[in-house]
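Protein chains: 2
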Amino acid sequence: MDITTRVRGLLGSREGFVSLHEPEFLGEEEALVLDCIRSGWVSSVGQYVDRFEVEIAAACGAAHGVAVVNGTAALEVALRVVGVMPGDEVLVPSLTFIATANATHHLGAVPHFVDAESRTLGLDPAALRAHLERISDCRDGVTVNAQTGRKLAAVVPMHVFGHPVDMDSLADVARDFDIPMVEDAAESLGSRLGERPCGSLARVAALSFNGNKILTTGGGGAVVTDDPDMAKHAKHLSTTAKVPHKWAFHHNEIGYNYRMPNLNAALGVAQLAQLGTRLVQKRALAQRYIDAFTGAEGVAVFAERRGTTANYWLNTLVLSANMAAGRDTVLEVLNGAGLMARPIWEPLHTLPIYARCPRADLPVTADLAARIVNVPSSAKLSGNQA
Amino acid sequence: MDITTRVRGLLGSREGFVSLHEPEFLGEEEALVLDCIRSGWVSSVGQYVDRFEVEIAAACGAAHGVAVVNGTAALEVALRVVGVMPGDEVLVPSLTFIATANATHHLGAVPHFVDAESRTLGLDPAALRAHLERISDCRDGVTVNAQTGRKLAAVVPMHVFGHPVDMDSLADVARDFDIPMVEDAAESLGSRLGERPCGSLARVAALSFNGNKILTTGGGGAVVTDDPDMAKHAKHLSTTAKVPHKWAFHHNEIGYNYRMPNLNAALGVAQLAQLGTRLVQKRALAQRYIDAFTGAEGVAVFAERRGTTANYWLNTLVLSANMAAGRDTVLEVLNGAGLMARPIWEPLHTLPIYARCPRADLPVTADLAARIVNVPSSAKLSGNQA
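Chains as they are written, first to last, in the numbering used here: chain D, -5 to 380; chain Y, -5 to 380.
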């Protein structure tokens, strides 16, 4: 039985094109957004921003949240608060959305690509350690890339499609090489490593609430952290680094205009109240994919690994090696049948814009990139409506 | 009669604190935002983004608009589309909001501060020409700062508080030195130079729709231009520079995640329909300030200069030189009386973060910075409700 038949079968009869991921507004979205407009406070301050920051931090098991315009902005601010400076290098996966590298570039630092592991789709701790042993050097107490002389200022694991990476092993490597970690939790709100939520697995994390995410603020992101100083710094940087004063316009750092508008936060507060329901639905849909592909030849659903709870933001088919050559055909047929399907990202080190950046050997990245197909994953497809 | 009495007198009896500028939602804001939520399209694509882009371009007399997350983002993208590269210098006023310099810095270029003129509060064409004659050099057909060797890649006039600068004379200087202009129209939507709207006075312009602006999208901005290639490039850069493809994630430039969400654009479409009314109200309020301060000693309202039409975004009191020492007292007294008042920005070259940037002599900037006080300017204060 072919892939399209299995996907179509588990989704049941549906009219029209089935998207990869659609937002749903089943709570107080309309009421809170109207209240926001009627309050007059639609812009960069307001009670919904304050509420959203408290509630998104709580959802991640963190003490503080700072709401910003999107996930790329959240990453850039998070990198700044751990001390990344222009001219530094930041260790990032090659197998991630371009935001991880762009945020690094935009603050004047250089992405340095490291490999993924098949077990998590995210950064491979053993490969990272081996690479650092080969290329890093400690100079005046600072870990540098011995080949470029640049400081290795951060490592940014990303939980691909909501599957938690092996953060504990990565933390060991980061500690041994004295490199701060920034958790890219853009895709993993609601996922857990053991009992610990994604967003709480490093000193600072970045989230995204783009329209295709498990919950949305239209466009938005957040920096979450337990560290009160980092939170304060993140908020300062995201509000043009203006020093509080009765009237003076004094800015003591080169900051950003990155605060989330109150209008978007109002939507976010309403969405966040539905996170629990959404997770149940997403996990139910994932189980249906897993069941539908049990026994399928040459293709398997990427299932959460033992000890983790995935939000299954996107459901992921992994083709076997002998099927990789047929990936584009699978994409053609699924999309042609009205079932939106997408490959994983082109590995960032293969894009001409990032081809000259430093990198480790990336065999697993190259292999995975050729074999992954994401399939429709909206919560409402679970047939398990709230 | 003192300043507070005059301001209080013209505003009439009002309860509570009077803000510098408040948004008003008197049109279809609620209906369009609800429609947006019900459509499911709240994020980075949608019909309100498309409509807002068409309508904001039309409001500026330009052919194309690209909606982005805020005015700083609009400036950064506009600088990119005229070719500013990391390491270049960008000529900006020192007397502007920090966004003008931050946008320059964030793309890796260096702000180079030039002086204002008292006649417009904006860039002084004569001072710019004299400065360029002194410091610029043409090397291999490229205009450079002879002292630093860096390319002078753009000049960014800003229409302060909605008063159009002398763009025609600035355009002559820019042409003579072969430096592209980017118009910072963040504060001047609705203002005109002769019959030509601000936003159409250079090849590309940047706008802002922050909550304190004449109209708001919560947070937002736009790039407007008549040039179809620049518009296309601006949109491409603001959407992560992803190359259109059935499914592949290929990015051919290092772009941004800067698109305005559809939710915010819905608010903007409703706001834009009220621009004409808002301008009438703002201009009526300005006339009341002008009348109230006629004959006042040591203080004058900054009025639109002949041949221009100001949107009077903020009403501006200019203290005479012998009153400058009392500026902070004026601010104390006005704010203490519940009438929000603010100085003009601290000149950017005086902030430690930008103190080491190249600059011209800035005598007029220093003088104006010490003598300006902005006073409550919300359209609704005109007593001339729609």
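Positions of the beta carbon are idealized from the N, C-alpha and C atoms, including for glycine. Here the structure is a predicted model, which means the values were calculated and not measured.
Taking residue 294(D) as part of the alpha helix (DSSP H), name the residues at either end of that continuous run. Not the alpha helix (DSSP H): residue 294(D) falls in the beta strand (DSSP E), residues 293 to 295.
Output needed for residue 35(D): all residues of its chain with C-beta closer than 6 angstroms, excluding positions within five of it in sequence on either side, in chain order. Exclusion of the five residues before and after residue 35(D) leaves 256 as the residues of its chain whose Cβ lies within less than 6 angstroms of its Cβ.
Just checking, does the stretch 366 to 376 of chain Y make contact with the stretch 320 to 339 of chain Y on the three C-beta pairs under 8 angstroms criterion? Touching, yes.
For the alpha helix (DSSP H) containing residue 270(Y), list its first residue and its last residue. According to the DSSP assignment, residue 270(Y) belongs to the alpha helix (DSSP H) that extends over 269 to 286.
For residue 92(Y), go through chain C and note every residue whose CB falls closer than 7 angstroms to its CB, in chain order. Within the model displayed, chain C is absent; protein chains D and Y are what it includes.
Beta-carbon spacing of residue 306(Y), residue 280(Y) below 8 angstroms: The Cβ atoms of residue 306(Y) and residue 280(Y) sit closer than 8 angstroms to each other.
Reduced DSSP secondary structure (H/G/I, E/B, other) of residue 352(D): In the structure shown, residue 352(D) sits in coil (DSSP, three-state: anything other than H, G, I, E or B).
Between which two residues does the alpha helix (DSSP H) holding residue 357(Y) run? Per DSSP, the continuous alpha helix (DSSP H) segment holding residue 357(Y) begins and ends at 357 to 363.
C-alpha gap between residue 11(Y) and residue 206(Y), whole angstroms: The alpha-carbon atoms of residue 11(Y) and residue 206(Y) are separated by roughly 16 angstroms.
Residue 95(D) vs residue 105(D) beta-carbon contact at 8 angstroms: With contacts defined by Cβ atoms closer than 8 angstroms, residue 95(D) and residue 105(D) form a contacting pair.
Best match in 189(D), 188(D), 220(D) for proximity to residue 200(D) [C-alpha to C-alpha]: Comparing Cα-Cα distances from residue 200(D) to each of 189(D), 188(D), 220(D), the minimum goes to 220(D).
Residue 114(D) - DSSP class collapsed to helix/strand/coil: Collapsing the DSSP output to three states places residue 114(D) in coil.
Give the secondary structure of residue 380(Y) by DSSP, where H, G and I count as helix, E and B as strand, and everything else as coil. Summary for residue 380(Y): the model assigns pLDDT 42, below 50, so the residue's position carries little reliability, and this model does not support an answer.
Thinking residue 46(D) and residue 198(D) are a contact (beta carbons under 8 angstroms), I'd like their distance in whole angstroms, please. Rounded to the nearest angstrom, the Cβ distance from residue 46(D) to residue 198(D) is 18 angstroms, too far for a contact under 8 angstroms.
Tell me which residues of the stretch 294 to 318 of chain Y have at least one Cβ-Cβ distance to chain D shorter than 8 angstroms, keeping chain order. For the stretch 294 to 318 of chain Y, which is checked against every Cβ of chain D, not one residue is closer than 8 angstroms.
Where residue 34(Y) meets chain D, residues with beta-carbon distance less than 7 angstroms: For the C-beta of residue 34(Y), the chain D residues within less than 7 angstroms are, from N- to C-terminus, 16, 17.
Using 10 angstroms around the beta-carbon of residue 175(D), count the other beta-carbons present and answer buried if the total reaches 16, otherwise exposed. Buried.
Could you pull out every unbroken alpha helix (DSSP H) segment of at least 4 residues lying fully inside the stretch 27 to 94 of chain Y, listed in chain order? DSSP runs (the alpha helix (DSSP H)) wholly in the stretch 27 to 94 of chain Y: 41 to 53, 65 to 75.
Evaluate residue 379(D) with the Cβ neighbour count: other Cβ atoms within 10 Å of its Cβ, from every protein chain shown; 16 or more gives buried, anything less gives exposed. Unreliable placement is indicated for residue 379(D), whose pLDDT of 48 sits below 50; the coordinate value is still reported in the next sentence. Classification for residue 379(D): exposed.
Spell out a yes or no on whether the stretch 141 to 157 of chain Y and the stretch 175 to 184 of chain Y are touching, meaning 3 or more CB-CB pairs, one atom from each, closer than 8 angstroms. Here the stretch 141 to 157 of chain Y lies against the stretch 175 to 184 of chain Y, with 3 or more beta-carbon pairs under 8 angstroms apart.
Identify which residue in 158(D), 27(D), 63(D), 127(D) has its Cα closest to the Cα of residue 303(D). Closest in alpha carbon position to residue 303(D), among 158(D), 27(D), 63(D), 127(D), is 158(D).
Thinking C-beta only, is residue 144(D) closer than 8 angstroms to residue 102(D)? No, Cβ-Cβ distance for residue 102(D) and residue 144(D) is not below 8 angstroms.
For residue 371(Y), which three-state DSSP category applies? Residue 371(Y): coil per DSSP, three-state reduction.
Kindly indicate if chain D contains any beta-carbon less than 8 angstroms away from that of residue 117(Y). Chain D contact via Cβ: absent.
Can you tell me whether residue 189(D) is buried or exposed? The criterion is at least 16 other CB atoms within 10 Å of its CB, across all chains shown. Note on residue 189(D): under 16 other CB atoms within 10 angstroms of its CB, so exposed under the neighbour-count rule.
Cβ contact (3+ pairs, closer than 8 angstroms) linking the stretch 114 to 121 of chain D and the stretch 48 to 61 of chain D: Output reads no: the stretch 48 to 61 of chain D does not touch the stretch 114 to 121 of chain D.
Looking at the secondary structure, which residues open and close the beta strand (DSSP E) in which residue 309(Y) lies? Looking at the DSSP string, the run of the beta strand (DSSP E) that includes residue 309(Y) is 309 to 313.
Between the beta-carbon of residue 295(Y) and the beta-carbon of residue 316(Y), is there less than 8 angstroms? Not in contact: residue 295(Y) and residue 316(Y) (Cβ atoms no closer than 8 angstroms).
When you compare each of 351(Y), 330(Y), 361(Y) to residue 2(Y) by their alpha carbons, which one comes out closest? For residue 2(Y), the closest C-alpha among the options 351(Y), 330(Y), 361(Y) is that of 330(Y).
So, with DSSP's three-state summary, where would you put residue 211(Y)? Looking at residue 211(Y) - three-state DSSP - the assignment turns out to be coil, as it is neither helix nor strand.
Using a cut-off of 9 angstroms between C-beta atoms, extract the partners of residue 99(Y) located in chain D. In chain order: 248.
Reference residue 171(Y); option with closest CA among 13(Y), 15(Y), 192(Y), 137(Y): If we check each option's Cα against that of residue 171(Y), 137(Y) comes out closest.
With a threshold of 6 angstroms on Cβ separation, who are the neighbours of residue 186(Y) within its own chain once the five nearest residues in sequence on each side are excluded? Once the five neighbours on either side are set aside, the close Cβ partners of residue 186(Y) are 303.
Local Cβ density within 10 Å of residue 99(Y), reported as buried at 16 or more and exposed below that: So residue 99(Y) ends up on the buried side.
Quick one: using the 10 Å Cβ neighbour count with 16 as the cut-off for buried, is residue 114(D) buried or exposed? Answer is buried; the Cβ neighbour count reaches 16.
Buried/exposed call for residue 239(Y), threshold 16 Cβ in 10 Å: Per the 10 Å Cβ criterion, exposed.
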